[in-house]
Amino acid sequence: MKLRKEQVPSLHAYNRVLDATPMEWLGALDHFAPAGLTPLPVSQCATMTGLSHLAVRSGSIASLRGLSSQPIRIACTDDHPLLIIFCRNAEPGHPQSTEIHTATPDAAIEVRCHAGSELVIVQFQANFLASGTCLELDDERRESLDALLTGYLHDADFFPRHRTAVAVTVQLLQALQQVLLQQQPRNSTVRPARARSDHDSRVMRVVNFMRTNPDWSYNVGDLAALAHTSERNLYKLMALTLDQTPYQLYRRLRLLLARDALLRCDPFETVISRHAVDHGFLHLGRFSAQYREHFGELPSQTLTRRKRLIRRGSMLLKQASNAARHPSD
Numbered sequence: 110m111k112l113r114k115e116q117v118p119s120l121h122a123y124n125r126v127l128d129a130t131p132m133e134w135l136g137a138l139d140h141f142a143p144a145g146l147t148p149l150p151v152s153q154c155a156t157m158t159g160l161s162h163l164a165v166r167s168g169s170i171a172s173l174r175g176l177s178s179q180p181i182r183i184a185c186t187d188d189h190p191l192l193i194i195f196c197r198n199a200e201p202g203h204p205q206s207t208e209i210h211t212a213t214p215d216a217a218i219e220v221r222c223h224a225g226s227e228l229v230i231v232q233f234q235a236n237f238l239a240s241g242t243c244l245e246l247d248d249e250r251r252e253s254l255d256a257l258l259t260g261y262l263h264d265a266d267f268f269p270r271h272r273t274a275v276a277v278t279v280q281l282l283q284a285l286q287q288v289l290l291q292q293q294p295r296n297s298t299v300r301p302a303r304a305r306s307d308h309d310s311r312v313m314r315v316v317n318f319m320r321t322n323p324d325w326s327y328n329v330g331d332l333a334a335l336a337h338t339s340e341r342n343l344y345k346l347m348a349l350t351l352d353q354t355p356y357q358l359y360r361r362l363r364l365l366l367a368r369d370a371l372l373r374c375d376p377f378e379t380v381i382s383r384h385a386v387d388h389g390f391l392h393l394g395r396f397s398a399q400y401r402e403h404f405g406e407l408p409s410q411t412l413t414r415r416k417r418l419i420r421r422g423s424m425l426l427k428q429a430s431n432a433a434r435h436p437s438d
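If you want it as structure tokens, here you go:
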């Protein structure tokens, strides 16, 4: 069995756009990006590879990937008065490097990421800072924010279901808020990041193999042999580390592949059942139920949103074209 290098984790289960056309990108950025994000030019959209977004009652977290090196201006609005901007080099094979910024209504910032970087934007739903607070991060708070966000983004790769993702994201926002208020996070299950080497290497070997070999047919004996342990012990290790059995993880990864296919296809022409069958799901009703359990929406809702984003992007593109042809005096 061939073992290939694993991909850098991100909010994979909450991808909203993948390798899209400029029209879909414009619609997605208009819908999902923070209100204070300066509209990106179409040329910059062409380099982007993915946008993920997860909203909960206390805020949201978004990830933009494949950015160019052009500067991006980010500000806040009265409705969402505080942002945490986390920029990291997300290129496989390169050392991880991160930058942490904050933006408030009276302190917009300009971020310049390296080409291919990932920009993670945390948006709070309500203002918890006193009026006129000048938010300057010292090294200790910056390191705490970095550790919480890095740990969350790693763990997000292994959330067993949508309900878990929502609960942990709420806890992340609470922990980040307490750091910004210079309080010690309490009663939070969001952990600081651990190096990959700190995880059980046997489990990570199995995860990496299943993720990078999409054509492999499930066989727990193969996984136990790969992990150099018994099948019984592999079940224990997976439950302890990921709160999933080997087959549950395998099924989730198949669902992720099916979701990626729905995000890359022509949403106006696609038949959902074909993508379900292509990824091993022969019962459409069961596929839809499992899809909703993992991603918080039905496959049909994924396609409906994409159609709406494309139409919105087309309208924005026409407006920009008309404005360019008829500039105001």
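Residue numbers (this note's numbering): 110 to 438.
Every residue gets a Cβ at the ideal spot worked out from N, C-alpha and C, and that includes glycine.
What you are looking at is a predicted structure, and each value in this text was computed from that prediction instead of being measured.
With a cutoff of 8 Å on beta-carbon distance, residue 149 and residue 138 are scored as near each other. Buried is the label assigned to residue 286, since at least 16 other Cβ atoms lie within 10 Å of its Cβ. Two segments are said to touch when three or more pairs of C-beta atoms, one from each, lie closer than 8 Å; by this definition the region 420–437 does not touch the region 387–400. Contact between residue 268 and residue 122 holds, with the beta-carbon distance rounding to 7 Å and staying under 8 Å.
Taking C-beta atoms as the reference points, residue 207 and residue 193 fail to come closer than 8 Å.
Note on residue 375: under 16 other CB atoms within 10 angstroms of its CB, so exposed under the neighbour-count rule.
Residue pairing by DSSP places residue 233 opposite 168 in a beta bridge.
If you check the CB distance, residue 185 and residue 213 come in under 8 Å. In this structure, residue 288 lies near residue 254, with their beta-carbon atoms less than 8 Å apart. Sorting 217, 219, 231 by C-alpha distance to the C-alpha of residue 142 places 231 at the top. At the C-beta level, residue 336 and residue 315 come within 8 Å of one another. Residue 272 and residue 266 have their C-alpha atoms roughly 14 Å apart. Look at the region 334–390 and you find these whole runs of alpha helix (DSSP H), each 4 residues long or longer: 340–351, 355–373, 381–387.
Pairing residue 135 with residue 425 gives a Cβ-Cβ distance under 8 Å. A check of alpha carbon separations from residue 386 across 406, 401, 363 identifies 363 as the nearest.
Here residue 274 has 268 as same chain residues with Cβ atoms under 6 Å from its own Cβ, once five neighbours each way along the sequence are excluded. Apart from sequence neighbours up to five positions away, no residue of its chain approaches residue 341 with a beta-carbon distance below 8 Å.
Only residues of its own chain outside the window of five on either side were considered, and among them 371, 412 have a CB closer than 8 Å to the CB of residue 379, listed in chain order. Here residue 278 is near residue 170, since their CB atoms are less than 8 Å apart.
Secondary structure at residue 245: coil, using DSSP grouped into helix, strand and coil. In the three-state scheme derived from DSSP, where H, G and I count as helix and E and B as strand, residue 392 is classed as coil.
Beta-bridge partners of residue 196 (DSSP): 208, 228. The C-beta separation of residue 346 from residue 309 comes to about 6 Å, placing the pair in contact by the 8 Å criterion. With a 10 Å radius around the Cβ and a threshold of 16 neighbouring Cβ atoms, residue 168 comes out buried. Within its own chain, the residues whose Cβ lies closer than 7 Å to the Cβ of residue 223, once the five positions on either side in sequence are excluded, are 178, 198, listed in chain order.
Remark: C-beta atoms of residue 339 and residue 333 approach each other more closely than 8 Å. Here residue 159 carries a strand assignment [DSSP, helix/strand/coil].
Nearest Cα to residue 389 within the set 416, 127, 361: 361. Within the same chain, 158, 373 come within 7 Å of residue 128 by CB-CB distance, once the 5 residues on both sides are set aside.
With fewer than 16 other Cβ atoms inside 10 Å of its own Cβ, residue 435 counts as exposed. Looking at the DSSP output, residue 278 shares a beta bridge with no other residue.
Residue 195 holds the alpha-carbon nearest to the alpha-carbon of residue 226 among 218, 237, 195. Here residue 175 is buried, its C-beta having at least 16 other C-beta atoms within 10 Å. Here residue 219 carries a strand assignment [DSSP, helix/strand/coil].
For residue 353, the CB contacts under 8 Å within the same chain, skipping 5 residues up- and downstream, are 267, 269, 347, 361 in chain order. The Cβ atoms of residue 220 and residue 181 lie closer than 8 Å to each other.
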